[in-house]
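Just below is one structure, and these are the notes that go with it.
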Amino acid sequence: MAKIDPTARVENPAGLADDVEIGPYSVLGPDVVLEAGVKLLAHVNIQGATTIGARTTVYPFAALGTAPQSVHYKGERSELFIGSDCVIREHATASIGTAGGGGVTRIGNGVMMMTGSHVGHDCTVGNSVIFANNAVLGGHVSVGEFTFLGGQCAVHQFTRIGAQCMISGLTGVREDVIPFGNVLGQAGKLVGLNVIGMKRRGFSKSDLHAARVVYRDLFFGEGTFEARLEAVREKAATSAFAAAVVSFIDADRKRPICQPSRGVIKEE
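Heads up: the sequence shown at position 120 corresponds to 118 in this note's numbering, and the numbers run straight through without jumps.
Structural data, given as structure tokens:
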């Protein structure tokens, strides 16, 4: 049976796997589901229709599945899904969704949320994303897999961040970031590619060279951005980087794309 500290409060009929561990003074609402091997260390508050995947560990004073911080939320039933093998550190927070955003907030597998980080309502966070301390997402944000969000960075609502990006600490992100982008600054701008992350994901030297060429063509070539995008589109059949960037941009053309602040590419 689940191991529940006598000081914890678990409302029936919360769904608990047999080997779940719930530490002192934790509080769980009736619609919470904890899958196999989940550990709540102490003082954890989980509310709403929240499902936490297998082997995820939640540290003290985290608050998950609480009502969205949105004036449009009227108490409708919505959900929070957190994947397996995640680490949710102290004072991290994640909200359920809203009817206007589809009603679901979703966090992938292997995600690490460090102290004070926040996932807003209706966000979608991919697998293996890392939130450093106090990194925060506004509502309706999407973050691609293997992205790193630096300490105290803030992502504006509805922003899309592609896979394998690096968002530096203290950066404000207001525009969509292409996959593999490296963003820096109070009003975040691209400063090149996340080369370290790309190497870790298996990009060869020739792959990196090809990616840099595509990056230069897209952001520093001649003509309008649309014309440069069409030129990059022609390379999508032979360049995985070009294909990922074009697919990301085509998926939603409503919001602006984060651009470099000046005509210099940072080389790692």
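Each residue gets a CB set at the ideal place from its N, CA and C atoms; glycine is no exception.
N132: buried (16+ other C-beta within 10 angstroms of its C-beta) or exposed?
-> As a first step, residue 132 is located in the sequence shown; it is residue number 134 there, counting from the start. Classification of N132: buried, given that the 10 Å Cβ count is 16 or more.
Is the CB-CB distance between H70 and S93 below 8 Å?
-> The count along the sequence shown starts at 1 and reaches residue 70 at position 72. The count along the sequence shown starts at 1 and reaches residue 93 at position 95. Contact: no.
contact_flag[the stretch 102 to 110, the stretch 125 to 139] where n(CB pairs < 8 Å) is 3 or more | yes
Rounded Cβ spacing between C256 and V175 (contact assumed at less than 8 Å) = As a position in the sequence shown, residue 256 is number 258, starting the count at 1. As a position in the sequence shown, residue 175 is number 177, starting the count at 1. The pair is a contact, with the Cβ atoms about 5 Å apart (cut-off 8 Å).
Does the beta-carbon of A240 have 16 or more other beta-carbons within 10 angstroms, so that it is buried, or is it exposed?
-> For the purposes of this step, residue 240 is identified with residue 242 of the sequence shown, where counting begins at 1. It counts as buried.
Simplified DSSP assignment, three categories, for V212 | The sequence position of residue 212 within the sequence shown is 214, counting from 1. Looking at V212 - three-state DSSP - the assignment turns out to be helix.
Cut-off 8 Å between Cβ atoms - residues of its own chain near A185, not counting five sequence neighbours on either side = On the sequence shown, position 187 is the one that residue 185 refers to. Contacts found: G170, R172.
Specify, as a first and last residue, the run of the alpha helix (DSSP H) that V243 falls within.
-> Position 245 of the sequence shown, counted from the first residue, corresponds to residue 243. Start and end: 238 to 249.
Looking only at its own chain, which residues have a Cβ that is under 7 Å from the Cβ of T5, when we skip the five neighbours before and after it?
-> For the purposes of this step, residue 5 is taken as the residue at position 7 of the sequence shown. Closer than 7 Å at Cβ, skipping near neighbours: P22, Y23.
Below 8 Å CB to CB, which residues in the same chain sit around K197 once its five sequence neighbours on both sides are set aside?
-> Counting from 1 along the sequence shown, the entry for residue 197 is found at position 199. Answer for K197: L206, listed in chain order.
Out of F144, T64, I44, L26, state which residue places its alpha-carbon closest to the alpha-carbon of F193.
-> Taking the sequence shown and counting its residues from 1, the one referred to as residue 193 is at position 195. Residue identity check: residue 193 is Val in the sequence provided, not Phe. That would be F144, whose Cα lies nearest to the Cα of V193.
I165 versus T157: straight-line alpha-carbon distance, rounded = Working through the sequence shown from its first residue, we reach residue 165 at position 167. Working through the sequence shown from its first residue, we reach residue 157 at position 159. The straight-line gap from Cα to Cα measures roughly 13 Å.
Which of the three DSSP states, helix, strand or coil, is assigned to H70?
-> The count along the sequence shown starts at 1 and reaches residue 70 at position 72. Coil.
Can you grab the Cα-Cα spacing for the pair D16 / V123, in whole Å?
-> Locating residue 16 in the sequence shown gives position 18, where the first residue counts as 1. Locating residue 123 in the sequence shown gives position 125, where the first residue counts as 1. Approximately 28 Å, taken between the alpha carbons.
Closest by CA to E88, which one among G114, G108, G73, G99?
-> Along the sequence shown, one-based indexing puts residue 88 at 90. Looking at the Cα atoms, G114 is the closest of the given residues.
Roughly how many angstroms separate the alpha carbons of G200 and S68, rounded to a whole number?
-> Mapped onto the sequence shown, residue 200 falls at position 202. Mapped onto the sequence shown, residue 68 falls at position 70. G200 and S68: Cα-Cα distance of roughly 40 Å.
According to the neighbour-count rule (16 or more other Cβ atoms, all chains shown, within 10 Å of its Cβ), is N10 buried or exposed?
-> Taking the first residue of the sequence shown as position 1, residue 10 is located at position 12. Flag for N10 reads exposed.
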